[in-house]
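Peer 1:
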Amino acid sequence: MNTAGGAGESGVGADEMLAMLEQMTFIRRFEEEVQASFQRGEVPGTTHLCIGHEAIPVGLAAALGPDDVIATTYRGHGHVLARGADPAAVAAELTGRAMGLNGGRGGSMNLTDFAHGIIGSFGIIGGSMAAATGAGLSFRGTGRVAVATFGDGCANHGYFFECLNFAAVFRLPVLFICEHNLYGEYTPWEQVTAGADIAARARVFGIDATLVDGMDVRAVHRHAAAAVARLRTGEGPVFLECRTYRFVGHSRSDPATYRPPGELEEWQRRDPLIVARDALHDAGVPESVTGEAEGTARERVRQAFATALASPFPEPAVTR
Amino acid sequence: MNTAGGAGESGVGADEMLAMLEQMTFIRRFEEEVQASFQRGEVPGTTHLCIGHEAIPVGLAAALGPDDVIATTYRGHGHVLARGADPAAVAAELTGRAMGLNGGRGGSMNLTDFAHGIIGSFGIIGGSMAAATGAGLSFRGTGRVAVATFGDGCANHGYFFECLNFAAVFRLPVLFICEHNLYGEYTPWEQVTAGADIAARARVFGIDATLVDGMDVRAVHRHAAAAVARLRTGEGPVFLECRTYRFVGHSRSDPATYRPPGELEEWQRRDPLIVARDALHDAGVPESVTGEAEGTARERVRQAFATALASPFPEPAVTR
Amino acid sequence: MTEFRAAIRQALIDELTADPSVLVFGEDVAAAGGVFTVTKGLQEQFGSTRVFDTPISELAITGAAFGAAVTGSRPVIEIMFGDFMALAMDSLINQAAKWRWVSNGQTAVPLVVRTTVGAGARFGPVHCQIPGTWMQNIPGLKVVCPSNPADAYGMLRAAIRDDDPVVFMEHKRLYLDEGELTDAPVELGTARVVRRGGDVTIVSVMKGVGDALVAAEALATQDGIEAEVIDLRSFRPLDVATVVASVEATGRLLCVEEGARTGGWAAGLIGQVAADALGSLDDVAILCTPDHPVPFSPPLEDAALPGPEDIRAMVRERLGGA
Amino acid sequence: MTEFRAAIRQALIDELTADPSVLVFGEDVAAAGGVFTVTKGLQEQFGSTRVFDTPISELAITGAAFGAAVTGSRPVIEIMFGDFMALAMDSLINQAAKWRWVSNGQTAVPLVVRTTVGAGARFGPVHCQIPGTWMQNIPGLKVVCPSNPADAYGMLRAAIRDDDPVVFMEHKRLYLDEGELTDAPVELGTARVVRRGGDVTIVSVMKGVGDALVAAEALATQDGIEAEVIDLRSFRPLDVATVVASVEATGRLLCVEEGARTGGWAAGLIGQVAADALGSLDDVAILCTPDHPVPFSPPLEDAALPGPEDIRAMVRERLGGA
Ligand SMILES: Cc1ncc(C[n+]2csc(CCOP(=O)(O)OP(=O)(O)O)c2C)c(N)n1
Ligand SMILES: Cc1ncc(C[n+]2csc(CCOP(=O)(O)OP(=O)(O)O)c2C)c(N)n1
Ligand SMILES: [Mg+2]
Ligand SMILES: [Mg+2]
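Protein chains in written order, with my numbering: chain E, 1 to 320; chain Z, 321 to 640; chain X, 641 to 962; chain U, 963 to 1284.
(1) To the nearest angstrom, report how far apart Lys1134 of chain U and His601 of chain Z are at their CA atoms.
(2) Do Val1191 of chain U and Ala1174 of chain U have their C-beta atoms closer together than 7 Å?
(3) Please report the straight-line C-alpha distance between Val524 of chain Z and Phe559 of chain Z, rounded to a whole angstrom.
(4) Should Asp693 of chain X be flagged as near chain E, meaning a C-beta pair shorter than 7 Å?
(5) What residues of chain E sit near Ala1027 of chain U, judged by a beta carbon separation below 8 Å?
(6) Could you check what DSSP says for Asn322 of chain Z in three-state terms: helix, strand or coil?
(7) So is Leu699 of chain X in contact with chain Z if we call contact Cβ pairs under 7 Å?
(8) Could you check if Asp152 of chain E belongs to the surroundings of ligand 3, using beta carbon to heavy atom distance under 6 Å?
(9) Since I believe Leu369 of chain Z is in contact with Glu351 of chain Z (beta carbons under 8 Å), could you give me their beta-carbon distance rounded to a whole number of angstroms?
(10) Can you name the residues of chain U whose CB is closer than 9 Å to the CB of Arg140 of chain E?
(11) Which chain E residues are close to His767 of chain X, counting only those with a beta carbon under 8 Å from its beta carbon?
(12) Tell me the residue span of the beta strand (DSSP E) that contains Glu1190 of chain U.
(13) Quick one: any contact between the region 735-751 of chain X and the region 711-725 of chain X, if contact means 3 or more CB pairs under 8 Å?
(14) Taking only runs of the alpha helix (DSSP H) that begin and end inside the region 670-716 of chain X, which ones reach a length of at least 4 residues, in chain order?
(15) How would you label Glu265 of chain E, buried or exposed, when you count the other beta carbons within 10 angstroms and need 16 or more for buried?
(16) Flag this pair as touching only if the region 359-368 of chain Z and the region 412-429 of chain Z have three or more C-beta atom pairs under 8 Å; answer yes or no.
(17) May I have the straight-line CA-CA distance separating Ala867 of chain X from Ile951 of chain X, to the nearest angstrom?
(18) Measuring CB to CB, does Ala1058 of chain U end up less than 7 Å from Pro1127 of chain U?
(19) For Phe721 of chain X versus Glu698 of chain X, is the C-beta distance shorter than 7 Å?
(20) Assuming Glu528 of chain Z is part of the beta strand (DSSP E), what are its boundary residues?
(21) Using a beta-carbon distance cut-off of less than 9 Å, what residues from the region 894-915 of chain X approach chain U?
(22) Quick check: Gly158 of chain E and Gly478 of chain Z, are their CB atoms within less than 7 Å of each other?
(23) Quick check on the DSSP output: what are the complete beta strand (DSSP E) runs of length 3 or more inside the region 915-962 of chain X, in order along the chain?
(24) Give the range of the alpha helix (DSSP H) segment to which His399 of chain Z is assigned.
(25) Please confirm if the region 941-949 of chain X is in contact with the region 108-118 of chain E, defined as three or more CB-CB distances below 8 Å between the two stretches.
(26) Here's the rule: buried if 16 or more other CB atoms are within 10 angstroms of the residue's CB, otherwise exposed. What is Met641 of chain X?
(27) Between which two residues does the beta strand (DSSP E) containing Val1218 of chain U stretch?
(28) I'd like to know whether the C-beta of Gly988 of chain U is nearer than 7 Å to at least one C-beta of chain E.
(29) Excluding the 5 residues preceding and the 5 following Glu977 of chain U in the sequence, name in chain order all residues of the same chain whose CB lies nearer than 7 Å to its CB.
(30) CA-CA distance, Glu54 of chain E and Arg270 of chain E?
(31) Among the candidates X:Glu667, X:Leu652, X:Gly891, X:Val675, whose CA atom is the shortest distance from the CA of Gly249 of chain E?
(32) Taking the alpha-carbon positions, what's the Pro66 of chain E to Ile27 of chain E distance?
(33) If the cut is a Cβ gap below 7 Å, which residues of chain U does Lys847 of chain X touch?
(34) Name the two residues that bound the continuous beta strand (DSSP E) containing His250 of chain E.
(35) Can you check whether the CB of Ala914 of chain X is closer than 7 Å to the CB of Ile1232 of chain U?
(36) If you measure from the beta carbon of Gly764 of chain X to each beta carbon in chain E, is any gap under 7 Å?
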């Protein structure tokens, strides 16, 4: 698959890079459709989109094997899709349909798909870290890897520290991925997070922890692949702090007025889709080829939502 | 009070040092009497003695003012006594008497004496840290200081990290004192604590954190006094990791068989009472003077327990 | 007319104004004014020493509230969703609830935990629970839950002035309800008869009270049944006496609970009524949610939650179609 | 004859032997064998990958148990004292209890939380609570509590084999009780009639069952009253049917609870019995602990805890001195 013309220093070939661009584009369009569906009233409740974060799920998924598992958060649609869950079943869960991943029982904050190694999306901050830590216990000595994703806000939670210490003490094969997007809901991270970067908090447990450019899928992939290789040998947990940004509000109709002027625009210049596209062009892949991702993504999203919305709601069967 | 002949580099004068030796000796004898009373069935339930730790409560108390408060643990008898609680009321609480600090309601794990700035002893690991953190909120801008004491085992608890971060973020006047005695119950600390020393865990929050010789009351006092001075200026929390050792089992009749041979004896050579006595002798205080501490301590302990044991139990008044 | 959420804000403003020892803190309560905008504007008005945003640290928030409460402050904290109370309970159960009694009265523990509870907003199974029952068995705690703006205002003020820790639950489907506020003090732990009727007593809390009133109107106009409706207002203390007094007249008791039957307040209330006044009871019934988590999908969630029609149907069934 | 704590150890040994996916971990459970020496020797026998000591991290222990349970392990964890369950509840309530249902049956969650509960050992107010009621209202959880060695053995084996999370409470004043073990399987959630009698039904759990039996003997020999004694064995599921069947014969129901009245299992059980069989009830009563924390001082603690004499007195009072 890895044809000539690698996409730069990442060690990722152009074909693979193109596939990752496609996946990121797909996730972006999927999330946009979630928001549009939410505004149309088709997605009930609330939503937490990963727009801006796409390099993380995609770079990570490419580094995992089919037996590895991931525990993610309410902002985990991208991970669920990147791991290979049926997009129609994801859309169906978000819209409360019987064919949804969880049969409509969980909704956007609880997406679960064991068949694709998604042991859960967790609505409680820290829950994903604990779930992956426990999976790490099951996986000791097997070569399998458990991944937890979580946000910068989670880095102030008891779960965070207890799980890091626990995983370090027992040298569990757990990859901790902090998706650091500068905000926990409406609160800037520096305002509630003492000390320096979050990776330092992992390092204090002797955990190998690295700051990663979360807007560059090559960087995420490279670090995730190295981490996974290391984890398979049983050397204990690895922590990656991926710096990223959400281009949208925290949830639903949050207008994100807490952002300083210009911040969004600055990060948008490093949009992971643009970074990947530019890298491909630099590597000689023509725009006619990279441009195809767009159409494919839109069509897949359209189909997923069409299938979901045409499918029936679950039948209540209440016994009190 | 500070007469000629200071007791070495600590800046503590001989009189003050002598007073600290007396207090440490008193706490030692008090705790021994608790154990004897427990074995005689006069102290019901369980006990957690601070034998070996005495330099910490005594060095700390000497650095605090009357308006400062402390939240300690089930192993906090020494702190309660050092802060000036009536020893008879402490003995009475341990023996379940009406005149006990808590009227007999709390027992050894819950000693509370607001009149002497003891807002509580906490039986739940981490509880003392949270209580002191909250007191720090009340004390912002007043110059008052809140102290938490806790063990090495607490350093793996969610409370520990959340409270350190919380106190650091709001720059609360809280002095965190880890009484690191190498064991949490029967488990050696290195076995369950990843990374290097515990102070490093505080430093990661930007907290000023120092390793202190917890067997030397001068060192504890010096660091505590410096910390308190700093805290009164509103510069945010301070953390002291005091290395110490408990010369007895964790509780009740724990024979402490988990200790490697020789470890106890090695630490006993640095018994805080011996360290203090030697320092006084080095400073020219004669043995005839240091020897007096012993008799005074024994007599105070005798009186405290005699008063307590002669006093009535509380009257139950049950309405169900 | 004042919205329920504005009533809460007003109570906070009035107590922050009246007593400089009152503090308000929690996740996203200050700059952003809360996820349901209940606390909007408080930080501007009272400054960031008294109203502030915290890290996502439920243990530290609640534990710090305890420590602050025993050293002269009157903290009002927010645990964003009631489901997260599980992370905060140690401090409430093992410290806040105990300290006044265990210290033999040396200290009061005047803290309030505000938390958003309840289903019906499509938030799925971990953003909709009602944690009142989790803490109903803890001596030393008060657990209260208003059903209307006036009570929200009066009870929150009473809670902040109370010397014991109070868990104050706000049902998210009430936030936009409107009503008049009054300065009449509310004694925490007292139920209130919100509708008089002689045929059956319906007891509920929060959202269920409005549902019961709707059902009662339908029963009166269409079925000729006069229901007495009681707003319990508090899980702990539990005002058994007010319910007993009603049941002595009606003989029939229906408890409507948004929660599961086993371990719910409804069964417990009936048990206490039975222990005190078995002879007055001709019939008792529980209308509750099914024994599984609250589902996300709208038809599933709607079917799981008892509404006015379910209440009416159950009363008719229990009264033999009277 | 086997001690209660040995019965628990035997159940662990048998399940560790039978199923390599069973893990045992918690604070001080391995090298030291537990603070009540319940797990002594297990690490030597099964190695430190399957039986191990953890940091003092109740959140991580319980959360890791969840993660392990959904990925092929069957963890049996220990939360040293029931009081500390407050620190572990988030993972149990919001993850373990929910995941089978919320995932639409994609996974089982086979984990067991063992925890030591109950008063009477002079351990003071935060080492004696019975957290069963804190979790009794959570669908998806089982909360069980043996009263004797045979049940301790049978129920723990059943709990480990159960596909749902089970909280397994061990009353510290039962650890030294002796009895015969059997291999008869115990179905979790079923109550057991431990003594037949036609005059009154006494229901209790754990330590209270023995107390009720002592009271029943005294009532029979000295008061001519035949009490039926039921060991509920489980807070959730709650076996209302077995109690109803008994009450249909006796007409009288006394529940003996080591815990406060409001929010207790006793009131809730009576409420459910009333909802199902009001007509069968001639009298109901609750014997519980006072509405304050459990005191440390021996005379205070003794007075707070219901014992055989209190049970006998209450039955005599309720049966009009019959
Ligand atoms: C234990 C807990 N506390 C609070 C919340 C409410 N909450 C949901 S998302 C969020 C912010 C989380 O921020 P971060 O971890 O940075 O993740 P992000 O949303 O930025 O991806 C909060 C406070 C929660 N879900 N769980
Ligand atoms: C939250 C919690 N978990 C467990 C315990 C049981 N326990 C009591 S003391 C102790 C060991 C604590 O060790 P450390 O913090 O080092 O203090 P030390 O006893 O050595 O002074 C444990 C596990 C507890 N009291 N609270
Ligand atoms: Mg964030
Ligand atoms: Mg220790």
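Using N, Cα and C, we set each Cβ at its ideal position, and we do this for glycine too.
Peer 2: With the given structure in hand:
(1) Going from the Cα of Lys1134 of chain U to the Cα of His601 of chain Z covers about 51 Å.
(2) yes
(3) 12 Å
(4) Yes, its Cβ sits closer than 7 Å to a Cβ of chain E.
(5) The contacting residues are Gly134.
(6) With a pLDDT of 32 at Asn322 of chain Z, under the threshold of 50, the modelled position of that residue is not reliable, and the figure given next carries that caveat. Here Asn322 of chain Z sits in coil by DSSP.
(7) yes
(8) yes
(9) 4 Å
(10) Thr1011
(11) Within chain E, the residues placing a beta-carbon under 8 Å from that of His767 of chain X are Met109, Gly123, ordered along the chain.
(12) 1189-1193
(13) yes
(14) 682-686, 698-709
(15) exposed
(16) Contact between the region 359-368 of chain Z and the region 412-429 of chain Z is established, with three or more Cβ pairs separated by less than 8 Å.
(17) 11 Å
(18) yes
(19) no
(20) Residue identity check: residue 528 of chain Z is Asp in the sequence provided, not Glu. First-last of the beta strand (DSSP E) with Asp528 of chain Z: 528-533.
(21) Cys895, Gly899, Ala900, Arg901, Thr902, Gly903, Gly904, Trp905, Ala906, Ala907, Gly908, Leu909, Ile910, Gly911, Gln912, Val913, Ala914, Ala915
(22) Their beta carbons are under 7 Å apart, which means Gly158 of chain E touches Gly478 of chain Z by this criterion.
(23) 923-927
(24) 397-402
(25) As far as the Cβ criterion goes, the region 941-949 of chain X does not touch the region 108-118 of chain E, which means the pair count is below three.
(26) exposed
(27) If you look at Val1218 of chain U, you'll find it in the beta strand (DSSP E) that goes 1214-1218.
(28) Chain E contact via Cβ: absent.
(29) Val984, Arg1119, Ile1122
(30) So the alpha carbons of these two residues sit roughly 12 Å apart.
(31) X:Val675
(32) About 20 Å.
(33) Correct list: empty, because the minimum Cβ distance to chain U is about 17 Å.
(34) Looking at the DSSP string, His250 of chain E is not in any beta strand (DSSP E), and its letter there is neither H nor E.
(35) yes
(36) yes
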